[in-house]
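Taking my numbering, the leading residue of the sequence shown gets 77, the next gets one more, and so forth. This report concerns only the one structure given below.
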Amino acid sequence: MIVRVKRDTHLKELSHLLNIHEQLLFEANPACSAACILSGETLRIPFTENVKCHISSTFNAPHIRNIIDFYEGQLPLPPSPEFIQKKRAYDYIVLLEDLEKILHAYPFVEKRTIGHSVLGLPVYELKIGNGPKKVHMNGSFHANEWITTSVLMNWLHEYLEAVVDGGSFEGHSAMDLYQQVSLSFVPMVNPDGVQLVLNGLPSDHAHYHSTLHMNNNSLDFDQWKANINGVDLNNQYPANWEIEKERKIPKAPSSRDYPGDAPLTEPESIMMAKLVETENFHMVVAVHTQGEEIYWGYMDCEPEQAGIIVKEFSRQSGYKAIRTIDSHAGFRDWFVLEKKKCGYTIELGTGVNPLPLSQFDDIYNKSRGIFWASLYMLKS
77 MIVRVKRDTH LKELSHLLNI HEQLLFEANP ACSAACILSG ETLRIPFTEN
127 VKCHISSTFN APHIRNIIDF YEGQLPLPPS PEFIQKKRAY DYIVLLEDLE
177 KILHAYPFVE KRTIGHSVLG LPVYELKIGN GPKKVHMNGS FHANEWITTS
227 VLMNWLHEYL EAVVDGGSFE GHSAMDLYQQ VSLSFVPMVN PDGVQLVLNG
277 LPSDHAHYHS TLHMNNNSLD FDQWKANING VDLNNQYPAN WEIEKERKIP
327 KAPSSRDYPG DAPLTEPESI MMAKLVETEN FHMVVAVHTQ GEEIYWGYMD
377 CEPEQAGIIV KEFSRQSGYK AIRTIDSHAG FRDWFVLEKK KCGYTIELGT
427 GVNPLPLSQF DDIYNKSRGI FWASLYMLKS
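Have a look at this one:
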């Protein structure tokens, strides 16, 4: 929401009038001075259903109207429909729509492009908070696990709403977590693959013939996991990559499981590695499907607190925590091996990929506590 200031004021006064934390107003309007906001300036205001109700009930009150103007058409505010989409095939276009909703409702969230897919689609990172503890989460490394993006976006919306509304989770203040944690969020690592699984292969596709060949000349792409080059992005990392290269059945680009000709050959895997190297995260959480399991640690390189955190993840979700699996070259494997920090792979839901949307509510209700625990369990 955008408002115009009618007289000189300051963020503390606006924070009190709008019932929104002063820090959120400042971060939504970084060009403004906290000490003095001049008449005529415009401000971006975070809003949720609670904020809407507060503003709608008071926007004609003199103490509000004497300070700010609401642009025509913004008030009164009707109840919102489902904010982040759940029961719809969650492709790249849906993600873009929901990213715009997030940025409009929560203007203190930062969006940036961290790279581009093989086909040139921007891969976005959202950054939330600026605390000393740095946590990263991602989804849709694998194309037919696209439901992970929908789950991640709904986790994020629940958190942001709680931050603005002064909410909490099991006694943990959302605003306190916002001030303690810098959250990095890459909801869709593999947009080319997701588009292929959900929307098929148009005849004018730039990779039509090679993609069809890798899929055994079938136009059913439900089992496609790879990027559009036929490389499994979660087998691309230099953590005993040679073992996976030797034993994986595909020896050439394929719809799934091919680790590439060398580690880090694909733009999507490269950009994620660069993100880790640049940001120096203390924890990463990679969200996949399926199995209701949590994989953690790698080659005994993880810190002691990794085991404490995974117990809380398991308590919150009912998922089984598994420390030792015969798997290498994954994003989480590499992070733990390289950085000696906490890394987790969350396998949402049960069944055969791609998981149906009918599982969404069950997946979300079981897993939402993992999101919150990733923020409150990490020690400095």
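For each residue, glycine too, the CB sits at the ideal point set by N, CA and C. If you're wondering where the values come from, they're calculated on a predicted model, not measured in any experiment.
* Neighbourhood of P154 by C-beta, 6 Å cutoff - its chain only, sequence neighbours within 5 removed -> Residue placement at P154 is flagged as unreliable, the pLDDT there being 48, under the threshold of 50; the coordinate-derived value follows with that caveat. Excluding positions up to five away in sequence, the list is empty.
* To do: Under 6 Å Cβ to Cβ from T85, same chain only, skipping five residues before and after it: list those, please.
  => Excluding five sequence positions before and after T85, the CB atoms of its chain that fall closer than 6 Å to its own CB belong to I113, I143, given in chain order.
* Do the CB positions of V227 and I439 come within less than 8 Å of each other? -> Yes.
* Minimum C-alpha distance to G215 - residue among K187, I385, N310, G247 -> Taking each of K187, I385, N310, G247 in turn and checking the Cα distance to G215, the smallest one comes out for N310.
* Can you give me the start and stop residues for the alpha helix (DSSP H) that I457 sits inside? => Absent from the model: residue 457. The displayed extent of the chain is 77 to 456, so no value can be given.
* To do: Name the one or two DSSP bridge partners that F102 has.
  => Checking the DSSP bridge columns, you'll see F102 has no partner listed.
* To do: Out of Q366, G406, M348, point me to the one whose CA is closest to G373's CA.
  => Just measuring C-alpha positions, the residue of Q366, G406, M348 sitting nearest G373 is G406.
* To do: Report, in whole angstroms, the separation of the C-beta atoms of V194 and N303, which I expect to be a contact under 8 Å.
  => N303 and V194 do touch by the CB rule: their CB atoms are close to 6 Å apart, below 8 Å.
* Asked: Around the Cβ of M453, are there at least 16 other Cβ atoms within 10 angstroms (buried) or fewer (exposed)?
  -> It is buried - the Cβ of M453 has at least 16 other Cβ atoms within 10 Å.
* To do: Would you tell me roughly how many angstroms separate the C-alpha atoms of I459 and D308, rounded to the nearest one?
  => Not covered by the structure: residue 459. The range shown for the chain is 77 to 456.
* Are the beta-carbon atoms of L272 and F297 separated by less than 8 Å? -> Closer than 8 Å, so yes.
* Would you please state the rounded distance, in angstroms, between the beta carbons of H404 and M251? I believe it to be under 8 Å. => In fact, because the Cβ distance is near 40 Å, the residues do not count as touching under 8 Å.
* On the three-pair Cβ rule with 8 Å, is the stretch 416–435 touching the stretch 382–393? -> With the cut-off at 8 Å, the stretch 416–435 and the stretch 382–393 touch.
* What three-state label does DSSP hand A315 in the structure shown? -> The three-state secondary structure of A315, taken from DSSP, is coil.
* Asked: Among residues of its own chain, excluding the 5 on either side of L175, which ones have a beta-carbon nearer than 7 Å to its beta-carbon?
  -> If we look at L175 and ignore the five residues flanking it on each side, its Cβ neighbours are K187, Y200.
* To do: Put H218 into one of helix, strand or coil per three-state DSSP.
  => Shown here, H218 sits in coil according to DSSP, grouped into three states, outside any helix or strand.
* Asked: Should V262 go down as buried or exposed, given a rule of 16 or more other Cβ atoms within 10 Å for buried?
  -> Classification of V262: buried, given that the 10 Å Cβ count is 16 or more.
* Asked: By Cβ distance below 6 Å, which residues in the same chain neighbour H212 in space, the five residues on each side in sequence not counted?
  -> The beta carbon of H212 sits closer than 6 Å to the beta carbons of S260, F357, V360 from its chain, once the five residues preceding and following it are set aside; these are given in chain order.
* **For S390, the nearest candidate out of P335, P339, W448, I223 (CA to CA)** => Closest by alpha carbon: W448.
* Asked: Under a three-way DSSP split, which group does P152 fall into?
  -> Low local confidence applies: a pLDDT of 49 at P152 is under 50, so the model's placement there is unreliable, with the coordinate-based value given in what follows. It is coil, neither helix nor strand.
* Please state if the CB of P208 and the CB of R120 are separated by a distance shorter than 8 Å. => No, Cβ-Cβ distance for R120 and P208 is not below 8 Å.
* So, are the CB atoms of G205 and Y254 less than 8 Å apart? -> When the beta-carbon positions are compared, G205 and Y254 come within less than 8 Å of each other.
* Using the C-alpha atoms, what's the distance from I325 back to L179? -> Going by the C-alpha atoms only, they are around 43 Å apart.
* Apart from the five residues just before and just after M375, which ones in its own chain have a Cβ nearer than 7 Å to its Cβ? -> In its chain, beyond the 5 residues on either side, L413 have a beta carbon closer than 7 Å to the beta carbon of M375.
* Asked: Does the stretch 312–324 touch the stretch 234–253, meaning 3 or more C-beta pairs lie closer than 8 Å?
  -> They do not touch, by the three-pair rule.
* Alpha-carbon spacing of N95 relative to E89, whole angstroms -> The alpha-carbon of N95 is positioned some 10 Å away from that of E89.
* C-beta atoms of G336 and E342 nearer than 8 Å -> G336 places its beta carbon less than 8 Å from that of E342.
* Asked: Closest by CA to E368, which one among H192, L295, Q392, V185?
  -> Looking at the Cα atoms, Q392 is the closest of the given residues.
* **Neighbour-count burial assignment, H92, 16 or more Cβ in a 10 Å radius** => Here H92 is exposed: its Cβ has fewer than 16 other Cβ atoms, across all protein chains shown, within 10 Å.
* Under the three-state DSSP convention, the category I144 falls into -> Strand.
* Asked: For R80, which beta-bridge partners are listed by DSSP?
  -> Within the DSSP secondary-structure output, R80 pairs in a beta bridge with T118, D145.
* alpha helix (DSSP H) runs contained entirely in the stretch 315–367, provided each spans 4 or more residues -> For the stretch 315–367, the continuous alpha helix (DSSP H) assignments of 4+ residues that do not extend past its boundaries occur at 317–323, 343–355, in sequence order.
* Asked: Over what stretch of residues does the alpha helix (DSSP H) that includes K387 continue unbroken?
  -> Start and end: 381–393.
* Could you give the C-beta distance for P233 and I160, rounded to a whole number, given that I count them as a contact under 8 Å? -> Residue 233 is actually His in this sequence, not Pro. The C-beta separation of H233 from I160 comes to about 5 Å, placing the pair in contact by the 8 Å criterion.
* Give the range of the beta strand (DSSP E) segment to which W372 is assigned. => 369–372 is the span of the beta strand (DSSP E), which, as asked, contains W372.
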